[in-house]
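Participant: Just so you know, we're using full-length UniProt numbering here: the sequence shown kicks off at 1 and counts up by one.
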Amino acid sequence: EKWVLRLGLKRLQSFSNEGTRIPWVSSSPGGTVVMPLGFPCRRYHFNVWSLSQYPLVYMGNITIGTPPQEFQVVFDTASSDLWVPSDFCTSPACCEYRYTIPRPSFTCPTFRITYGSGRMKGVVVHDTVRVTIGNLVSTDQPFGLSVEEYGFEGRIYDGVLGLNYPNISFSGAIPIFDKLKNQGAISEPVFAFYLSKDEREGSVVMFGGVDHRYYEGELNWVPLIQAGDWSVHMDRISIERKIIACSDGCKALVDTGTSDIVGPRRLVNNIHRLIGHYVPCSEVNTLPSIVFTINGINYPVPGRAYILKDDRGRCYTTFQENRVSSSTETWYLGDVFLRLYFSVFDRGNDRIGLARAV
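1. Are three or more beta carbon pairs between the segment 207–214 and the segment 164–175 nearer than 8 angstroms?
2. Per the DSSP calculation, tyrosine 299 is bridged to which residue(s)?
3. Can you tell me which of Ser326, Gly313 and Val279 puts its alpha carbon nearest to the alpha carbon of cysteine 250?
4. Ignoring anything shorter than 3 residues or poking outside the segment 184–215, list the beta strand (DSSP E) runs there in chain order.
5. In this structure, how does DSSP classify tyrosine 165 when only helix, strand and coil are distinguished?
6. Where do the ends of the beta strand (DSSP E) carrying phenylalanine 177 lie?
7. Is DSSP giving aspartate 335 helix, strand or coil here?
8. Check valine 284 in the structure and name its three-state DSSP category.
9. For proline 189 and tyrosine 332, I'd like the C-alpha separation in whole angstroms.
10. Which of the three DSSP states is assigned to histidine 233 in this structure?
11. Compute the distance between the beta-carbons of isoleucine 176 and leucine 82, then report whether it is under 7 angstroms.
12. Exposed or buried, phenylalanine 106, counting other C-beta atoms within 10 Å across all chains shown (16 or more means buried)?
13. Give me the Cα-Cα distance between aspartate 260 and glycine 184, rounded to the nearest whole angstrom.
14. Suppose you measure from the CA of isoleucine 244 to the CA of serine 171; what does that come to, to the nearest Å?
15. How many whole angstroms separate the CB atoms of leucine 161 and aspartate 76, which I take to be in contact at a CB cut-off of 8 angstroms?
16. If isoleucine 352 sits next to valine 222, beta carbons under 8 angstroms apart, how far is it from one beta carbon to the other, in whole angstroms?
17. Just grab the DSSP bridge partners of aspartate 346 for me.
18. Please list, in chain order, all residues of the same chain as alanine 305 whose beta carbon is under 7 angstroms from its beta carbon, the five residues on each side excluded.
19. Near isoleucine 297, which residues of its chain fall below 6 angstroms by C-beta distance, leaving aside the five closest residues on each side in sequence?
20. If you check the beta carbons only, do threonine 256 and phenylalanine 345 fall under 7 angstroms apart?
21. Check whether the Cβ of phenylalanine 345 lies closer than 7 angstroms to any Cβ atom in chain B.
22. Have a look at glutamine 320 and threonine 330 and give me their C-alpha separation to the nearest angstrom.
23. Could you give the distance in angstroms between the alpha-carbon of leucine 180 and the alpha-carbon of arginine 314?
24. So for alanine 245, helix, strand or coil by DSSP?
25. Alpha helix (DSSP H) containing residue 370: first to last residue?
26. Return the CA-CA distance between proline 300 and serine 289, expressed in angstroms with no decimal places.
27. Output the boundary residues of the beta strand (DSSP E) element that contains isoleucine 64.
28. Enumerate in chain order the residues of its own chain whose CB-to-CB distance from asparagine 295 is below 6 angstroms, with the five nearest sequence positions on each side excluded.
29. Express the C-alpha separation of arginine 241 and tyrosine 58 in angstroms, rounding to a whole number.
30. Roughly how many whole angstroms lie between the Cα atoms of threonine 317 and methionine 234?
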């Protein structure tokens, strides 16, 4: 009998309201760090993908190790790796809860990742650990431990659990979703997100199937541009039937780890000129919907969805510029979009399903 595991997520306000930080791009092996004995370390070629830092985050609890140590992580469809802070991390940015292994030490090669908003140094460890999501268990799961973090001060989550394809793992380690799939722990190779509009409760991530109570109508299936990345072709972005971006078609990454909608600087600036970066809060309900057309289907995002309040009570537009240039026009459809549309990520058929969320 098919079953679906549902894990509750919490939506919390983070330290910044200055918009999404799209990471860029650099990583390098190098140096050594003292780590507990018993972890066979490997020297990896690093291939880093996106990781976001954001004013609103959706987090869930996982446990690692025996005895279990609990962490709050962001479930991120734009990256592929699981990492948490280690007790070797002395940076102020490291969270209160750190992965602790009181054993003798040995020398392990390190890696470095630089993001648009900060950087980290860490190691990839490999042991017979238990990574538990609800009642799913992945044994012998490789994961990253940060030993230095800069630029992440004030964050309210411990780490990141990546749900993208394994080919973009920075460590070369098998991602936890693939491990669960290979172990037969989930009935179907799919997962899905319902991001509640409620400030605190109601959001869930589902593994192994879809709960139809969380969306209306039928799922619209969109093929990926290519297997290996949760990106789809977007036809256009328009306001009141006037195309304002993506005029010749473009790439859209469906990204649960990004809070806003992120695009090229020139086009985001054009949207700000049309609507305003800050708008009077009394006018939010009068703003036009911005329509994203994907695979011939229109997905409108009304003003009340793309306008949020900052910590000073000012209403701002949640369209943010990508500070990394790209050879192709690329948009990141983050939580602003996904609060409106239930999303299904189908690894078995390399496609994404979208439907209006309840």
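Ideal Cβ positions, reconstructed from N, Cα and C, are used throughout, including at glycine.
Facilitator: So, from the listed chains and residues:
1. no
2. Indexing the sequence shown from 1 puts residue 299 at position 299. DSSP links tyrosine 299 through a beta bridge to Phe292.
3. Your numbering for residue 250 matches position 250 in the sequence shown. Closest by alpha carbon: Ser326.
4. 190–194 and 203–207
5. Start at 1 with the first residue of the sequence shown, and residue 165 comes out as number 165. Three-state result, tyrosine 165: coil.
6. As a working note, residue 177 is residue 177 in the sequence shown. That residue, phenylalanine 177, is in no beta strand (DSSP E); its alpha helix (DSSP H) goes 176–182.
7. Residue numbering aside, residue 335 sits at position 335 when the sequence shown is read from its first letter. Three-state DSSP puts aspartate 335 in a helix.
8. The count along the sequence shown starts at 1 and reaches residue 284 at position 284. In this structure, valine 284 counts as helix in the three-state DSSP scheme.
9. On the sequence shown, position 189 is the one that residue 189 refers to. On the sequence shown, position 332 is the one that residue 332 refers to. Those two C-alpha atoms are separated by around 23 angstroms.
10. In the sequence shown, the residue the question calls residue 233 occupies position 233. Correct three-state label for histidine 233: strand.
11. Indexing the sequence shown from 1 puts residue 176 at position 176. Indexing the sequence shown from 1 puts residue 82 at position 82. Yes, Cβ-Cβ distance for isoleucine 176 and leucine 82 is below 7 angstroms.
12. Along the sequence shown, one-based indexing puts residue 106 at 106. Confidence at phenylalanine 106 is low in this model, with a pLDDT of 48, below 50, so the placement of that residue should be treated as unreliable; the coordinate-derived value is given next. Phenylalanine 106 comes out exposed.
13. Mapped onto the sequence shown, residue 260 falls at position 260. Mapped onto the sequence shown, residue 184 falls at position 184. Those two C-alpha atoms are separated by around 35 angstroms.
14. Taking the first residue of the sequence shown as position 1, residue 244 is located at position 244. Taking the first residue of the sequence shown as position 1, residue 171 is located at position 171. Roughly 38 angstroms separates the two Cα atoms.
15. Counted from its first residue, the sequence shown places residue 161 at position 161. Counted from its first residue, the sequence shown places residue 76 at position 76. About 7 angstroms; that satisfies the 8 angstroms criterion.
16. Position 352 of the sequence shown, counted from the first residue, corresponds to residue 352. Position 222 of the sequence shown, counted from the first residue, corresponds to residue 222. With 8 angstroms as the limit, isoleucine 352 and valine 222 qualify as a contact, their Cβ atoms being about 5 angstroms apart.
17. Reading the sequence shown from its first residue, position 346 is the one you call residue 346. DSSP, once it has assigned bridges, lists Val190 and Arg351 as partnering aspartate 346.
18. Locating residue 305 in the sequence shown gives position 305, counting from the first residue. Same-chain partners within the cutoff: Val336, Arg339 and Leu340.
19. Mapped onto the sequence shown, residue 297 falls at position 297. If we look at isoleucine 297 and ignore the five residues flanking it on each side, its Cβ neighbours are Asn220.
20. Translated into the one-based positions of the sequence shown, residue 256 becomes position 256. Translated into the one-based positions of the sequence shown, residue 345 becomes position 345. Contact: no.
21. The structure shown has no chain B; it contains just one protein chain.
22. In the sequence shown, the residue the question calls residue 320 occupies position 320. In the sequence shown, the residue the question calls residue 330 occupies position 330. Threonine 330 has its alpha-carbon roughly 12 angstroms from the corresponding atom of glutamine 320.
23. One-based indexing of the sequence shown puts residue 180 at position 180. One-based indexing of the sequence shown puts residue 314 at position 314. Looking at the two C-alpha atoms, the distance is approximately 44 angstroms.
24. Start at 1 with the first residue of the sequence shown, and residue 245 comes out as number 245. Alanine 245 falls in the strand class under three-state DSSP.
25. Since the first and last residues shown for the chain are 1 and 358, residue 370 lies out of range.
26. Residue numbering aside, residue 300 sits at position 300 when the sequence shown is read from its first letter. Residue numbering aside, residue 289 sits at position 289 when the sequence shown is read from its first letter. Looking at the two C-alpha atoms, the distance is approximately 6 angstroms.
27. Residue 64 sits at position 64 when you count from the first residue of the sequence shown. Per DSSP, isoleucine 64 belongs to the beta strand (DSSP E) from 56–64.
28. The residue given as residue 295 occupies position 295 in the sequence shown. Val222, listed in sequence order.
29. Your numbering for residue 58 matches position 58 in the sequence shown. Your numbering for residue 241 matches position 241 in the sequence shown. Whole-angstrom Cα-Cα distance: 33 angstroms.
30. As a position in the sequence shown, residue 317 is number 317, starting the count at 1. As a position in the sequence shown, residue 234 is number 234, starting the count at 1. Here the C-alpha atom of threonine 317 lies approximately 21 angstroms from the C-alpha atom of methionine 234.
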